[in-house]
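In our numbering, the protein residues as written are 264 to 732. Quick reminder that beta carbons are idealized off the backbone N, C-alpha and C, glycines included. Remarks on the structure that follows.
Here's what the structure looks like:
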């Protein structure tokens with residue numbers, strides 16, 4: 264197996280909020296201060312886990328971004344960049360060029376590379392890496408379609424305090440502009456910024472002190488969940504017991520654990536990056552909006568997924584821009600629905616969940632190549648739109664009849680019931696593929712378990728708890 268090597272461009276950011284990311288020595292206003300690789304702990308080979316991370320600092324704007332790349336290292340042993348790296352380079356070139364004709368040619372190349380990565384390229388040792396490569400490549404394919412085909416990005420999309428269109432900038436400035444546009448998934452600081460982001464108003468050291476306990480809590484949560492998944496018959500890909508095999512309460516428990524499994528790792532990385540950036544003075548606390556909303560305040564499926572403009576979203580909004588862009592294009596340019604009309608709203612709703620389903624299917628297909636799993640996942644995401652349509656009608660009637668408070672309580676119960684019932688459609692295919700098999704390199708919970716092995720009474724009760732999983 265060849266040695267892992269760094270690639271010249273990054274893939275996707277954990278902090279989608281601030282700064283430019285660039286690996287080019289030619290842009291002397293951008294300095295790389297920290298870069299590294301996370302290696303696969305399950306093998307003694309030198310192959311990477313597929314996550315390259317870097318903090319890039321824009322010295323001119325005194326801001327930083329924490330960037331993570333999926334599958335950006337090559338194991339082929341040659342000097343040519345792998346397909347994901349080529350995809351990233353072509354995407355950057357298509358966004359930065361001012362030639363419309365060249366953009367279309369590069370988009371065609373992106374389509375070919377995308378098809379090769381998803382359907383032809385061999386998988387990796389780690390199923391989670393395969394899923395991330397497939398999913399993130401699809402996310403950026405959707406963004407490429409938005410920025411190249413649907414939107415005149417250089418004329419219409421602007422950063423905060425941007426004084427001139429990108430097409431009039433120098434190549435160096437336009438390069439930084441393009442990289443920030445590609446990587447800034449929530450559009451923080453852009454004209455298309457996701458609405459109602461939860462920004463901190465604390466001062467520098469107050470913010471750092473408030474984040475440190477959160478970091479410890481998120482780390483321990485993630486550690487505990489990984490330990491649970493390692494011994495769980497449901498989360499083990501070798502057994503893959505159905506989530507509801509022991510009743511509805513058991514199913515509810517497993518669905519909850521699954522959400523925590525995909526929720527805590529991102530929070531660990533995001534919180535750590537925010538502490539480093541703010542403590543070093545490279546960015547302000549307000550540059551790091553919370554990536555997730557408050558689960559306890561979620562009273563509808565629409566609020567959870569972020570389809571309600573007047574409410575703060577529960578789930579992340581990293582896919583918001585490409586999903587809405589394609590939905591608006593179909594509803595307003597093709598079907599000619601007036602903006603704000605019922606037809607336009609629900610067309611965007613169904614297009615968004617359809618495209619989101621395809622993005623998640625691509626990750627699963629890259630990992631498992633299973634048509635039944637693909638059908639289940641697509642069914643799950645389309646049903647989210649159907650459920651939102653139903654609850655819109657219910658809440659509309661409740662408001663008309665004068666029962667808004669009762670409707671919010673019913674909404675919370677409905678939301679929990681729906682997530683418990685529908686969750687396995689999407690979650691079980693991922694678990695069968697091995698997405699929950701990750702174990703952190705250092706585990707506090709595992710060491711506590713090993714310590715308990717020397718104390719028979721405590722170990723007896725702890726082992727009984729584990730066996731129930």
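Can you find the residues in the same chain that come closer than 8 Å, C-beta to C-beta, to residue i, ignoring five residues on each side of it along the sequence?
i, result
"residue 561", "567, 577, 675, 678"
"residue 478", "531, 534, 535, 538"
"residue 549", "462, 463, 464"
"residue 441", "355, 358, 359, 429"
Check for me: the alpha helix (DSSP H) holding residue i runs from which residue to which?
i, result
"residue 377", "363-378"
"residue 586", "583-591"
"residue 503", "Segment: none, residue 503 is in no alpha helix (DSSP H) and carries neither H nor E."
"residue 628", "605-631"
"residue 649", "634-664"
"residue 577", "From DSSP, residue 577 is part of no alpha helix (DSSP H); its letter is neither H nor E."
"residue 443", "434-446"
In its own chain, which residues sit with a C-beta less than 7 Å from the C-beta of residue i, not counting the 5 before and 5 after it?
i, result
"residue 369", "353, 356, 357"
"residue 502", "496"
"residue 482", "531"
"residue 473", "465"
"residue 681", "564, 650"
"residue 553", "461"
"residue 471", "538, 541, 542"
"residue 493", "702"
"residue 524", "488, 492, 699"
Would you kindly work out how many angstroms separate the C-alpha atoms of residue i and residue j, rounded to a whole number?
i, j, result
"residue 633", "residue 499", "18 Å"
"residue 590", "residue 613", "8 Å"
"residue 551", "residue 444", "17 Å"
"residue 386", "residue 465", "45 Å"
"residue 687", "residue 650", "16 Å"
"residue 542", "residue 508", "48 Å"
"residue 586", "residue 644", "13 Å"
"residue 362", "residue 603", "33 Å"
"residue 715", "residue 345", "46 Å"
"residue 349", "residue 411", "17 Å"
"residue 631", "residue 662", "45 Å"
"residue 592", "residue 706", "47 Å"
"residue 588", "residue 409", "6 Å"
"residue 600", "residue 414", "19 Å"
"residue 389", "residue 694", "13 Å"
"residue 429", "residue 451", "17 Å"
"residue 594", "residue 605", "10 Å"
"residue 419", "residue 447", "16 Å"
"residue 384", "residue 468", "47 Å"
"residue 809", "residue 504", "The requested residue 809 is not part of the displayed model; the chain covers only 264 to 732."
Does the Cβ-Cβ distance between residue i and residue j come in under 8 Å?
i, j, result
"residue 486", "residue 708", "yes"
"residue 626", "residue 398", "yes"
"residue 380", "residue 396", "yes"
"residue 449", "residue 364", "no"
"residue 640", "residue 692", "yes"
"residue 738", "residue 406", "The displayed coordinates of the chain run from 264 to 732. Any statement about residue 738 would go beyond what the structure contains."
"residue 488", "residue 506", "no"
"residue 648", "residue 616", "yes"
"residue 646", "residue 608", "no"
"residue 629", "residue 393", "yes"
Three-state secondary structure (DSSP) at residue i?
i, result
"residue 453", "strand"
"residue 422", "strand"
"residue 543", "coil"
"residue 701", "coil"
"residue 491", "helix"
"residue 712", "helix"
"residue 354", "helix"
"residue 268", "Residue placement at residue 268 is flagged as unreliable, the pLDDT there being 35, under the threshold of 50; a coordinate-derived value is accordingly withheld."
"residue 532", "helix"
"residue 462", "coil"
"residue 508", "coil"
"residue 595", "helix"
"residue 411", "helix"
"residue 314", "Low per-residue confidence applies at residue 314: pLDDT is 33, beneath 50, and the placement is therefore not dependable enough to give any value."
Is there a C-beta anywhere in chain B that falls below 8 Å from the one on residue i?
i, result
"residue 618", "Looking at the structure shown, chain B is missing, and only one protein chain is on hand."
With a CB to CB cut of under 6 Å and the five nearest residues on each side skipped, what residues in its chain are close to residue i?
i, result
"residue 521", "690"
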